[in-house]
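In the numbering used here, the protein residues as written are 2 to 494.
We treat Cβ as the ideally placed atom computed from N, Cα and C, and that holds for glycine.
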């Protein structure tokens with residue numbers, strides 16, 4: 002189906018729906034730098050009027066393209082900058098509208114003005130466009146996204162307003178609160194998704210969606226309990242007293258698997274190149290010589306021999322200690338001498354320059370176990386006043402000295418990406434900030450899309466902001482699959 006991408010950002014909705022077989026015909030985005038990234042990521046270019054054409058005519062007004070421009074740089078996709086300046090007659094027909102309207106006034110981190118706020122109130126602009134569009138031209142489906150707090154904003158009044166206004170526009174709705182970490186990315190990000198159906202459409206069964214095959218099983222052909230085949234979409238079979246034997250959920254199960262081309266890129270840390278899922282089993286591939294720019298600036302010791310040579314010119318030291326513990330290296334002078342030197346210290350602190358080389362003294366390196374090897378305390382508003390963070394945990398780096406913040410540590414996953422890019426990860430004994438590329442990966446964007454945005458000259462600050470504002474591609478992909486299956490008549494009524 003064809004869809005329009007409103008409040009498009011960097012195209013999280015677009016990428017998810019395209020992967021599930023749908024086609025984008027245009028987008029709306031007011032942010033200058035988000036548009037630069039969007040056009041670079043999806044290979045778009047526009048004439049100065051932002052129009053597109055069918056044949057030799059503008060799709061919007063049907064006038065000859067020559068009245069606007071020569072149309073030579075137009076890609077055939079419609080584009081508008083400011084949704085407040087649009088009228089229903091200017092918007093091309095599409096079967097799906099997607100929009101994650103601004104959460105600025107709804108989010109707990111904002112001013113909490115709700116839908117009465119200037120930014121989040123843009124929802125009413127979209128609702129007004131839907132109401133003023135003739136029924137024959139309205140999209141058949143809507144996909145809407147916002148923060149979890151939309152459900153409780155203004156004591157539920159804002160969510161009621163969303164439902165009521167879309168109902169007035171002619172749509173029945175269903176919704177679900179989902180977490181990105183359940184859809185193949187290590188990010189704790191709870192968001193509300195709504196799917197709207199133009200009145201009269203049957204077969205509404207998009208939700209619940211799940212990134213893993215956790216649904217209970219359903220009988221699809223007859224036979225004895227131990228001989229049946231079950232699908233993973235519906236009700237469980239009848240529980241029986243002999244559930245431990247042939248009568249209890251035995252037999253064959255139809256289980257979906259991920260295709261190799263759907264493998265998920267994960268954080269590339271210390272040379273781990275790719276993390277994927279095939280038959281729901283994860284695996285890692287190891288680079289022989291990882292790029293030094295992709296390795297955190299800390300001491301790592303998780304191998305079992307020597308010191309690697311490829312760190313010599315980069316300031317990165319890989320200590321392959323025999324005991325596998327994270328170690329710290331300090332310069333030492335005459336390490337075999339038990340008594341202290343008369344003219345000063347024999348050991349340097351971390352980060353200090355080494356001792357001056359002489360022909361008399363013997364120089365060495367003292368290896369000490371990092372004091373944070375078993376975890377480092379991160380200040381949080383808990384009874385203890387801190388939470389222990391360990392290797393692989395995500396850290397919210399905003400307001401590190403706050404005594405009232407909670408939820409700063411994500412166990413083996415990132416906390417919700419924000420526009421400031423203040424997310425870090427514990428790498429053995431150090432905390433390092435996530436890179437913009439890693440933030441894009443946490444929203445399930447492929448690396449080649451990030452590389453295109455970066456090559457377009459977008460700054461890191463803007464890339465962090467764009468990743469924080471985006472939706473998670475994998476969630477939209479699952480919703481898009483359900484809509485495609487509904488169109489094909491696969492889903493049950």
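- Item | Beta-carbon contacts of residue 152 that lie in its chain and below 8 Å, excluding the five residues immediately before and after | Taking the chain shown and counting its residues from 1, the one referred to as residue 152 is at position 151. Spatial neighbours of residue 152 in its own chain (CB-CB distance under 8 Å, excluding positions within 5 residues in sequence) are listed in chain order as 160, 178, 193.
- Name the residue from 18, 36, 17, 22 whose alpha carbon lies nearest to the alpha carbon of residue 11. In the chain shown, counting from the first residue as 1, residue 11 sits at position 10. Sorting 18, 36, 17, 22 by C-alpha distance to the C-alpha of residue 11 places 36 at the top.
- With a Cβ-Cβ cutoff of 8 Å, do residue 415 and residue 150 count as a contact? For this step, residue 415 is matched to residue 414 along the chain shown. For this step, residue 150 is matched to residue 149 along the chain shown. Between residue 415 and residue 150, the CB-CB gap reaches or exceeds 8 Å.
- Message: Going by DSSP in three states, residue 90 sits in which element: helix, strand or coil?
- Response: Translated into the one-based positions of the chain shown, residue 90 becomes position 89. Secondary structure of residue 90 (DSSP, three-state): helix.
- Message: Which residues does DSSP list as the beta-bridge partners of residue 28?
- Response: Reading the chain shown from its first residue, position 27 is the one you call residue 28. Beta-bridge pairing links residue 28 to 6, 80.
- Message: For residue 125 and residue 395, what's the separation of their Cα atoms in angstroms?
- Response: If you number the chain shown from 1, residue 125 lands on position 124. If you number the chain shown from 1, residue 395 lands on position 394. Near 36 Å, if we compare the C-alpha coordinates of residue 395 and residue 125.
- Message: Measuring only the C-alpha atoms, how far is residue 78 from residue 207?
- Response: Mapped onto the chain shown, residue 78 falls at position 77. Mapped onto the chain shown, residue 207 falls at position 206. One C-alpha to the other measures close to 28 Å.
- Measuring CA to CA, which of 358, 354, 412 is closest to residue 379? As a working note, residue 379 is residue 378 in the chain shown. Ranking the options by Cα distance to residue 379, first place goes to 412.
- CB residue 196 to CB residue 143, shorter than 8 Å? Counting from 1 along the chain shown, the entry for residue 196 is found at position 195. Counting from 1 along the chain shown, the entry for residue 143 is found at position 142. Yes. Within cutoff.
- Query: So, residue 472 versus residue 101, is the Cβ gap smaller than 8 Å?
  - Reply: Sequence index remark: in the chain shown, residue 472 carries index 471 (1-based). Sequence index remark: in the chain shown, residue 101 carries index 100 (1-based). Yes, they are a contact pair.
- Quick one: what does DSSP say residue 1 is sitting in, helix, strand or coil? Any question about residue 1 goes unanswered here, given that the chain covers just 2 to 494.
- Query: Cα separation between residue 429 and residue 387?
  - Reply: Residue mapping note: residue 429 aligns to position 428 of the chain shown, counting from 1. Residue mapping note: residue 387 aligns to position 386 of the chain shown, counting from 1. Cα atoms of residue 429 and residue 387: separation of roughly 18 Å, rounded to the nearest angstrom.
- Tell me, which residues are paired with residue 461 by DSSP? Locating residue 461 in the chain shown gives position 460, counting from the first residue. For residue 461, which the question treats as bridged, DSSP gives no partner whatsoever.
- Task: Would you please state the rounded distance, in angstroms, between the beta carbons of residue 44 and residue 478? I believe it to be under 8 Å.
- Result: Here residue 44 is taken as the residue at index 43 of the chain shown, counted from 1. Here residue 478 is taken as the residue at index 477 of the chain shown, counted from 1. Actually they do not touch by this definition, with Cβ atoms about 20 Å apart.
- Does DSSP classify residue 387 as helix, strand or coil? By one-based count along the chain shown, residue 387 stands at place 386. Correct three-state label for residue 387: strand.
- Item | Enclosing beta strand (DSSP E) for residue 113 [first to last residue] | Counting from 1 along the chain shown, the entry for residue 113 is found at position 112. According to the DSSP assignment, residue 113 belongs to no beta strand (DSSP E), since it is labelled neither H nor E.
- What residue range is occupied by the uninterrupted alpha helix (DSSP H) comprising residue 37? Numbered from 1 along the chain shown, position 36 holds the residue referred to as residue 37. 33-42 is the extent of the alpha helix (DSSP H) around residue 37.
- Item | As assigned by DSSP and simplified to three states, the class of residue 145 | Looking up residue 145 in the chain shown gives position 144. Correct three-state label for residue 145: strand.
- Message: So, for residue 130: in the same chain, excluding its five sequence neighbours on each side, which residues have a beta-carbon less than 6 Å away from its beta-carbon?
- Response: Mapped onto the chain shown, residue 130 falls at position 129. Only residues of its own chain outside the window of five on either side were considered, and among them 89 have a CB closer than 6 Å to the CB of residue 130, listed in chain order.
- Task: Could you name the residues that DSSP lists as bridge partners for residue 101?
- Result: Counting from 1 along the chain shown, the entry for residue 101 is found at position 100. Answer by DSSP bridge pairing: none, since residue 101 is not bridged.
- Message: Could you tell me the alpha carbon to alpha carbon distance between residue 409 and residue 397, rounded to whole angstroms?
- Response: Mapped onto the chain shown, residue 409 falls at position 408. Mapped onto the chain shown, residue 397 falls at position 396. Approximately 5 Å between the Cα atoms of the pair.
- Message: Our contact map puts residue 104 next to residue 166 with C-beta atoms below 8 Å; I'd like the distance itself, whole angstroms only.
- Response: By 1-based counting over the chain shown, the position of residue 104 is 103. By 1-based counting over the chain shown, the position of residue 166 is 165. With 8 Å as the limit, residue 104 and residue 166 do not qualify as a contact, their Cβ atoms being about 17 Å apart.
- Query: If you follow the beta strand (DSSP E) that residue 173 is part of, which residue opens it and which one closes it?
  - Reply: The count along the chain shown starts at 1 and reaches residue 173 at position 172. That run of the beta strand (DSSP E) goes 172-180.
- Message: Using CA atoms only, rank isn't needed, just tell me which of 186, 170, 145 is closest to residue 176.
- Response: What you label residue 176 is simply residue 175 of the chain shown in a count that begins at 1. It is 145 whose Cα lies nearest to the Cα of residue 176.
- Nearest residue (CA-CA) to residue 98, options 381, 481, 449: Locating residue 98 in the chain shown gives position 97, where the first residue counts as 1. Ranking the options by Cα distance to residue 98, first place goes to 481.
- Identify whether residue 1 lies in helix, strand or coil by the three-state DSSP scheme. Because the chain here runs from 2 to 494, residue 1 falls outside it and cannot be looked at.
- Does the distance from the CB of residue 437 to the CB of residue 468 come in under 8 Å? Indexing the chain shown from 1 puts residue 437 at position 436. Indexing the chain shown from 1 puts residue 468 at position 467. In contact: residue 437 and residue 468 (Cβ atoms closer than 8 Å).
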